[in-house]
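Notes for the one structure printed next.
Protein chains: 2
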Amino acid sequence: MATSTPQTSPVGGLRERKKQRTRDALIRAALELFTEQGYEETTVDEIAEAVDVSQRTYFRYFANKEDVAFAVQEMVEARFLEELTARPAAEDPLTALRSAVMVAWDDIGSAIESVIPVELHMRTYRMIESTPTLVASHLRRSSELEERIAGLIARREGLDVEADPRPRVLVAAFCGVMRVAGKVWGEGPDCSVASIRELTQSYLDHIQPAIGGDWRSAR
Amino acid sequence: MATSTPQTSPVGGLRERKKQRTRDALIRAALELFTEQGYEETTVDEIAEAVDVSQRTYFRYFANKEDVAFAVQEMVEARFLEELTARPAAEDPLTALRSAVMVAWDDIGSAIESVIPVELHMRTYRMIESTPTLVASHLRRSSELEERIAGLIARREGLDVEADPRPRVLVAAFCGVMRVAGKVWGEGPDCSVASIRELTQSYLDHIQPAIGGDWRSAR
DNA sequence: TTGTCAATTGTCAGACGCTGACATTAGCCT
DNA sequence: AGGCTAATGTCAGCGTCTGACAATTGACAA
């Protein structure tokens, strides 16, 4: 038997996997509690207790009480940014953004499911929107993300973000549409990943002709 | 001697004036400490102690630690909204917004000075921009204000905010410009009220032709 | 297998934000 | 002057978050 080499399975050693499990469990428990009884009404102690770890351990996984609420969003965003930087340079900015979103949604579906059911993710979305503290963080996070995306777009096109306003404007419009799509999805009854994919697609179709001009050819 | 009616001076009785003085003192002390040593590094106890009141009293004037940082902004906003609702119905939306801002800046200058020096207000502005927690609140406050303004504009024009997107779009553009103007002012060297007034004016000149169409006449 | 090393976790103490309850003080009004 | 009420202080306590140290547990080599 291959006892000496215990399969070097998909992800690292026992330690890594255990950590991942604890983290996922904390997210699941937190979102369940938040959506069940409200964010303010839930204490970090409750979350920790539900996963059977100490409060201190919770704070070693998440910097504060809010962060756990955005853990899934962070996964999606990271996946999106990764995909965006990988898009071929030939694509025009809006197409690159659009493609990146689509790819991100595609393989994030399974990634999310491995942590929490999509339905819980949607409830979380609604919970965030109706909790002032979380709305504030959400807006801040969004503006930071926008800034990073604008930087990437400018880089692709060889522009200076500070000098040329077009990257920021395009990204602002794009993110605005994404935000609306997310909001509509959150309010609707269909919580499948497919539905938000389609929603995004149709919304983006509207701005494509409006702001999707070519930045490089002279015209 | 008119002992019985001790002059019923400018503002209410002794009680009122005393309260106002305590409030102003708290704002001054807080902003001074925040800008001096940083927001996170300042405790509510320090603020209270600087004004020689108990911590409990601070929390009777401000709901939380953040709120005191936005006290001056709130004055400006309140003045602006007041002025906006008072604008003649004949004015088109963008003109009304523009005029309201100008009037608000005019008599807010003196109002601010009575509480804190403008220079401190500017330092506060910068401090907010560089403090994540406060950036978050600031964004949330801004979005709430935008929503209220959009409601007022829709009301003026007899439109339904939910059905017609134009009020929200106009207000978004307007507030976007205001935000940029504020940011530029905060970074610049001139901290006079006159400078932000002019800045705002010139920035607004740029969007007027772009989005300042007539909504009522058929065109 | 066993022992060493390093990472993970638990426990404890404490700072800080914030709130309810109750006593005390101080302006207001007759 | 004296009662009424609003403003303040004091106290106790909950919840978030952090540093320090000890205990546990996986990793890796002898």
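From first to last, the protein sequence lines are chains A and B.
Mapping of the first sequence onto full-length UniProt numbering: position 109 corresponds to residue 109, and the numbering continues sequentially without gaps.
Mapping of the second sequence onto full-length UniProt numbering: position 12 corresponds to residue 12, and the numbering continues sequentially without gaps.
Beta carbons: idealized from backbone N, C-alpha and C, even for Gly.
Just measuring C-alpha positions, the residue of B:Gly186, B:Ala154 and B:Gln37 sitting nearest Leu97 of chain B is B:Ala154. Apart from the 5 residues on each side of it in sequence, Cys175 of chain B sits with its Cβ closer than 8 Å to the Cβ of Ser142, Leu145, Glu146 and Ile149 in its chain, given in chain order. The region 41-61 of chain B makes no contact with the region 78-88 of chain B: fewer than 3 CB pairs, one atom from each, lie closer than 8 Å. In the three-state DSSP reduction, Glu49 of chain A falls in the helix class (H, G or I).
In the same chain as Phe62 of chain A, and ignoring 5 residues on each side of it, the C-beta atoms closer than 6 Å to its own belong to Val68, in chain order.
For Val68 of chain A, the closest Cβ of chain B is not nearer than 7 Å.
At a cut-off of 4 residues, the continuous stretches assigned as alpha helix (DSSP H) that sit fully inside the region 33-79 of chain B are 44-51 and 55-61.
Using a CB distance cut-off of 7 Å, Leu139 of chain A counts as an interface residue toward chain B. Apart from sequence neighbours up to five positions away, the residues of its chain that approach Ser99 of chain A with a beta-carbon distance below 8 Å are Glu83, Arg87 and Glu91, ordered along the chain.
For Val135 of chain A, the residues of chain B that pass the 7 Å Cβ criterion are Arg140, in the order they occur in the chain.
Between Asp24 of chain B and Val118 of chain B, the C-beta gap is not smaller than 7 Å, which leaves the two residues out of contact. Using a Cβ-Cβ cut-off of 7 Å, Ser114 of chain B is close to nothing in chain A; its nearest Cβ partner there is about 30 Å away.
Contact note: Pro132 of chain B reaches chain A through Arg140, using a C-beta cutoff of 7 Å and chain order. For Glu144 of chain A, the enclosing alpha helix (DSSP H) begins and ends at Pro132 to Glu157. The region 189-203 of chain B makes contact with the region 102-110 of chain B: 3 or more CB pairs, one atom from each, lie closer than 8 Å. Distances from the CA of Gly186 of chain B to each of B:Asp52, B:Arg126 and B:Leu204 were compared; the closest alpha carbon is that of B:Arg126. Of the candidates A:Leu33, A:Arg179 and A:Ser192, A:Ser192 places its Cα closest to the Cα of Asp106 of chain A.
Taking Val184 of chain A as the centre and dropping the five residues before and after it, the same chain places the C-beta of Leu199 closer than 7 Å to its C-beta, in chain order.
In the three-state reduction of the DSSP assignment, Cys175 of chain B falls in the helix class, which pools H, G and I. For Ser192 of chain B, there is no enclosing alpha helix (DSSP H), since its DSSP letter is neither H nor E. Distance from the CA atom of Gly188 of chain A to the CA atom of Ala172 of chain B, rounded to whole angstroms, is 25 Å. Fully contained in the region 94-135 of chain B is no beta strand (DSSP E) run of length 3 or more. For Ser143 of chain A, the C-beta contacts it makes with chain B under 9 Å involve Val135 and Leu139, in order along the chain.
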